[in-house]
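All remarks here apply to the structure that follows.
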Amino acid sequence: MGEAEKRKRKRKVEAAVEEDDGERKSASDVGRLGAVGSSDGVFASCSFEDLGLHPTLCQHLKEKMGFEVPTLIQAQAIPIVVSGKDVLVNAATGTGKTIVYLAPIVHLLQMRNPRIQRADGTFALVLVPTRELCIQVYEILERLLHRFHWIVPGYITGGENRSKEKARLRKGISILVATPGRLLDHLKNTSAFLHKNLHWIVFDEADRILELGFGKAIEEIIEFLRSDESGSDRKLRTGELPRQNLLLSATLNEKVNQLAKISLDDPIMIGLDDEKMTSKAPRSSLTHLLPKGLEGNDRSEDGEAFSSHLADDYRLPERLSQRYVKVPCGSRLSVLLSILRIFYEKEDSQKIVVFFSTCDAVDFHYALLNEFHWSAHSKLETIKKQPFLRCKTLCLHGNMEHDARRTAFQSFNAEKSALLLCTDVAARGLDFPKVRCIIQYDSPGEATEYVHRVGRTARLGEKGEALLFLQPIEVDYLQELRRHSVSLAEFPLQKVIDGLSVNFLKSNSSRPSSLDTHPWIMALQKAVENFISGGPELRNLAKSAFCSWVRAYTAHKGELKRIFMVRKLHLGHVARSFGLKEQPSLLGRSFHLQAKKRKWDLKRQGSSKRRRLTKKRT
Ligand SMILES: Nc1ncnc2c1ncn2[C@@H]1O[C@H](COP(=O)(O)OP(=O)(O)OP(=O)(O)O)[C@@H](O)[C@H]1O
């Protein structure tokens, strides 16, 4: 491409991010305003060619992958990534961040003359937090490289066969996608893993990598790779530019700040709102330079500005409708089942994801939903009981065998209509097509996790719904979300349940006064409890799920401890929410200690109340 052509294209991209009044706006403004001629706030009005990508790659993106034009974040970030700068990208879930780094890497690698070879080893490393995300990124990469057969994609991840991975590394992988633990293992133990030509390190879902406890591994990886970067013969050999590191996430927090400090060099930030960046950040170009505070001193003025930004608002998909449903603990299970039934009755072909806090809870609900048959009029012997839900149900969590995990992930991807029950292992980065609704049956904890969970729907400008279950004692969580500008409307539960049970109510004389006493909920709860008590396997699953649920509830951290207080739970009601007629007693020592503390607290409260009452009387 000639210089004049390059200049023309650059101008076109810049023009695309200017407002009508001619005032230059930052990259983030573009996203917020839904500008660049984009009516939907998702796609840019320029083409991939305008971003300077190679014509063959652009043609492939368009014709084989169906990507007609770049998304806004792609239009903003790709030219900067191509320029070789370290970059931190912050954009909402489902806005196409994977292509932000893969397309420039492929573009730059395919241009190398002479062509790169397998024997040159690894040029780019993409680090992701989970196995599923690793495979997903690898599959996109494979599709992207279709026309560039000499660039070899590969992945290494926990749960796979080490020696097969070694053999693949020995042959040479040009772009490697990896989870941190397994990568470190190969860096230390696989001498045939050639990485002296490594030019890019990408941290996708950067904050999650750290939350999962990979901080130490990441430090070691960076240290390990830094030693071959500083090797003077690398520059002599290849005349290389310095290594380029990229960091991406839909949510930024202090942990990302830490990682940015150790991995990015004079980075450019893309996708942050101006008001969040504070007036201290330079506004001279399409992008904002990261304040120099990140280079070391936490206490510098600019560093503080950056940190305070990190505690700020989160970006959510524009067409996401968010609601919460307030349900008393003992009715949670019946309400969940009823809502799922309503959703699938309304539209039998759709995909829904339900998030639980523990693997045991996923296993229990999965078994229940697959086995439970019920008819609202089952008192009549003539009526045959039906499966409660008629959709395909799948589960995904971290305790599953590697193959089962992969199968679940792939079938939910492929199905047109299905229900996925999962833990947070599915919260990050996974791109399941056409998910209509996300139900958070167990609260997510940190607001970041809320954002990522709901981000599995309403992707790339599509519509989506999110429903958060809260017990009455947990409603303060809404304030926690509001602190991050996330606000939810209430789901009209009573009305919806009445609608579901119209015929059922006709045959029952008592009118419901509350949800707990609603004939439909009571009948369904009773049927579930009888069903569970009749099967030892399911009963055991319910008991384990109960125990680990309570343990998970006690594990909420920081401010959230004030909202999710195990002391406030009625454990008999919790047991009911697992279809148990009685509270299981087989609990671990730590739980007994908690229970003791709870009793003691209650006693103390009681005696102080008594003292107050006595005082009043006297
Ligand atoms: N330019 C484009 N045109 C059409 N579709 C695109 C384009 N870029 C990406 N996509 C599609 O958009 C979806 C979301 O992309 P991707 O998974 O990269 O989003 P993300 O921002 O990384 O989301 P998350 O934050 O949840 O990880 C994918 O199905 C991807 O194939």
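For the record, in the sequence shown the residue sitting at position 99 is 99 according to the UniProt record's numbering, with numbers rising by one throughout. Glycine included, every Cβ here is placed at the ideal spot set by N, Cα and C.
Problem set entry | For F203 and I116, the rounded distance between their alpha carbons | The count along the sequence shown starts at 1 and reaches residue 116 at position 116. The count along the sequence shown starts at 1 and reaches residue 203 at position 203. Their backbone Cα atoms lie some 23 Å apart in a straight line.
Exercise. What do you reckon, is the C-beta of R97 under 7 Å from a heavy atom of ligand 1?
Worked result: Counted from its first residue, the sequence shown places residue 97 at position 97. It is worth fixing the name first, because residue 97 is Lys in this sequence and not Arg. K97: yes, Cβ under 7 Å from ligand 1.
For this session: Run the proximity test for A124: is its beta-carbon closer than 7 Å to any non-hydrogen atom belonging to ligand 1?
Result: For the purposes of this step, residue 124 is taken as the residue at position 124 of the sequence shown. Distance from the C-beta of A124 to the nearest heavy atom of ligand 1 is not below 7 Å.
Problem set entry | Sub-8 Å separation of C359 and H397 beta-carbons | Reading the sequence shown from its first residue, position 359 is the one you call residue 359. Reading the sequence shown from its first residue, position 397 is the one you call residue 397. In contact: C359 and H397 (Cβ atoms closer than 8 Å).
Exercise. Taking 7 Å as the line, does the beta carbon of T93 fall inside it for any heavy atom of ligand 1?
Worked result: Position 93 of the sequence shown, counted from the start, is the residue given in the question as residue 93. Placement of the Cβ of T93 at a distance of less than 7 Å from at least one heavy atom of ligand 1 is found.
For this session: Go through the UniProt domain "Helicase C-terminal" (339-497) residue by residue and report every complete run of the alpha helix (DSSP H) that reaches 4 residues or more, in order.
Result: Listed in chain order, they are 359-371, 402-414, 447-454 and 477-482.
Problem set entry | Residue from K434, M400 and R428 whose Cα sits closest to the Cα of F412 | Taking the sequence shown and counting its residues from 1, one reaches residue 412 at position 412. With distances taken between CA atoms, F412 lies nearest to K434 out of K434, M400 and R428.
For this session: With hydrogens ignored, establish whether the beta-carbon of R208 is closer than 7 Å to any heavy atom of ligand 1.
Result: Counting from 1 along the sequence shown, the entry for residue 208 is found at position 208. Using a cutoff of 7 Å, the CB of R208 does not count as near ligand 1, since none of the ligand's heavy atoms is closer than that.
Exercise. Between which two residues does the alpha helix (DSSP H) carrying Y101 extend?
Worked result: On the sequence shown, position 101 is the one that residue 101 refers to. Counting along the chain, the alpha helix (DSSP H) containing Y101 begins and ends at K97 to M111.
Exercise. Closer than 7 Å: is that where the CB of G429 sits relative to any heavy atom of ligand 1?
Worked result: On the sequence shown, residue 429 is found 429 positions in, with the first residue counted as 1. Yes, ligand 1 has a heavy atom inside 7 Å of this Cβ.
Exercise. So what does residue 626 bridge to, in DSSP terms?
Worked result: The requested residue 626 is not part of the displayed model; the chain covers only 1 to 618.
For this session: Have a look at L430, G429 and L419 and flag the residue whose alpha-carbon is nearest the alpha-carbon of D437.
Result: Your numbering for residue 437 matches position 437 in the sequence shown. For clarity, residue 437 is Cys in the given sequence; the question names Asp instead. Among L430, G429 and L419, the Cα nearest to that of C437 belongs to L419.
Exercise. Is DSSP giving M65 helix, strand or coil here?
Worked result: The residue labelled residue 65 in the question sits at position 65 within the sequence shown. Coil.
For this session: Measure the C-alpha to C-alpha separation of R459 and A542 and round it to an integer number of angstroms.
Result: Taking the sequence shown and counting its residues from 1, one reaches residue 459 at position 459. Taking the sequence shown and counting its residues from 1, one reaches residue 542 at position 542. Distance between the alpha carbons of R459 and A542: 34 Å.
For this session: With DSSP collapsed to three states, give me the class of Y314.
Result: As a working note, residue 314 is residue 314 in the sequence shown. Y314 falls in the coil class under three-state DSSP.
Problem set entry | Stretch-stretch touch, CB-based, cutoff 8 Å, three pairs: the stretch 92-105 with the stretch 124-143 | They touch, by the three-pair rule.
Exercise. What span of residues does the beta strand (DSSP E) with K326 cover, start to end?
Worked result: As a first step, residue 326 must be located in the sequence shown, where it is residue number 326. Segment L320 to K326, the beta strand (DSSP E) holding K326.
Exercise. Is there at least one Cβ from chain B nearer than 8 Å to A167's Cβ?
Worked result: Chain labels in this structure do not include chain B; a single protein chain is all it has.
Problem set entry | T407 versus G96, K85, I521 and I135, residue with shortest Cα-Cα distance | As a position in the sequence shown, residue 407 is number 407, starting the count at 1. With distances taken between CA atoms, T407 lies nearest to I135 out of G96, K85, I521 and I135.
Exercise. By DSSP, does S300 sit in helix, in strand, or in coil?
Worked result: Against the sequence shown, residue 300 aligns to sequence position 300. The predicted position of S300 is uncertain, since its pLDDT is 32 and thus under 50; no value can be drawn from it.
For this session: Return helix, strand or coil for residue 684, following the three-state DSSP convention.
Result: This structure leaves residue 684 out entirely; the chain is present only between 1 and 618.
Exercise. For P387, which option in S548, S338 and K164 has the closest C-alpha, if you only look at C-alpha atoms?
Worked result: Locating residue 387 in the sequence shown gives position 387, where the first residue counts as 1. Comparing Cα-Cα distances from P387 to each of S548, S338 and K164, the minimum goes to S338.
Exercise. Beta carbon of I439, beta carbon of I352: below 8 Å?
Worked result: As a working note, residue 439 is residue 439 in the sequence shown. As a working note, residue 352 is residue 352 in the sequence shown. Less than 8 Å divides the Cβ of I439 from the Cβ of I352.
For this session: Just grab the DSSP bridge partners of Y155 for me.
Result: Counted from its first residue, the sequence shown places residue 155 at position 155. Y155 pairs with V177.
Problem set entry | the stretch 516-530 touching the stretch 544-558, judged by at least three CB pairs closer than 8 Å | Remark: fewer than three beta-carbon pairs, one from each stretch, lie closer than 8 Å, so the stretch 516-530 and the stretch 544-558 are not flagged as touching.
Exercise. How about T554: is its Cβ closer than 7 Å to a heavy atom in ligand 3?
Worked result: This structure does not include ligand 3; its bound ligands are ligand 1.
For this session: Spell out the partners DSSP gives T93 in its beta bridges.
Result: Stepping through the sequence shown from its first residue, residue 93 is reached at position 93. Checking the DSSP bridge columns, you'll see T93 has no partner listed.
For this session: Tell me whether the beta-carbon of I173 lies closer than 8 Å to the beta-carbon of T98.
Result: Here residue 173 refers to the residue found at position 173 when the sequence shown is read from its first residue. Here residue 98 refers to the residue found at position 98 when the sequence shown is read from its first residue. No, Cβ-Cβ distance for I173 and T98 is not below 8 Å.
Exercise. How many whole angstroms separate the CB atoms of V87 and I80, which I take to be in contact at a CB cut-off of 8 Å?
Worked result: Taking the first residue of the sequence shown as position 1, residue 87 is located at position 87. Taking the first residue of the sequence shown as position 1, residue 80 is located at position 80. Sure, about 6 Å apart at Cβ, within 8 Å.
Exercise. Is any heavy atom of ligand 1 found at a distance shorter than 7 Å from the C-beta of Q76?
Worked result: Numbered from its first residue, the sequence shown carries residue 76 at position 76. Taking non-hydrogen atoms of ligand 1 into account, the C-beta of Q76 is found less than 7 Å away from none of them.
Exercise. Can we count L460 as close to ligand 1, meaning its CB is less than 7 Å from some heavy atom?
Worked result: Here residue 460 refers to the residue found at position 460 when the sequence shown is read from its first residue. L460 Cβ: within cutoff of ligand 1.
For this session: Hey, could you find the ends of the beta strand (DSSP E) M565 is sitting in?
Result: As a position in the sequence shown, residue 565 is number 565, starting the count at 1. It is not in any beta strand (DSSP E) - M565 carries neither H nor E in the DSSP assignment.
Problem set entry | H195 versus L225 - alpha carbon distance | For the purposes of this step, residue 195 is taken as the residue at position 195 of the sequence shown. For the purposes of this step, residue 225 is taken as the residue at position 225 of the sequence shown. One C-alpha to the other measures close to 8 Å.
Problem set entry | Given K346 as reference, the closest of F193, L478 and R390 once Cα atoms are compared | By one-based count along the sequence shown, residue 346 stands at place 346. Closest in C-alpha terms to K346, from the list F193, L478 and R390, comes R390.
For this session: Leaving aside the five residues before and after V335 along the sequence, list all residues of the same chain whose C-beta is less than 6 Å from its C-beta, in chain order.
Result: The sequence position of residue 335 within the sequence shown is 335, counting from 1. Correct list, in chain order: V327.
Problem set entry | Opening and closing residue of the beta strand (DSSP E) in which I270 lies | Position 270 of the sequence shown, counted from the first residue, corresponds to residue 270. I268 to I270 is the extent of the beta strand (DSSP E) around I270.
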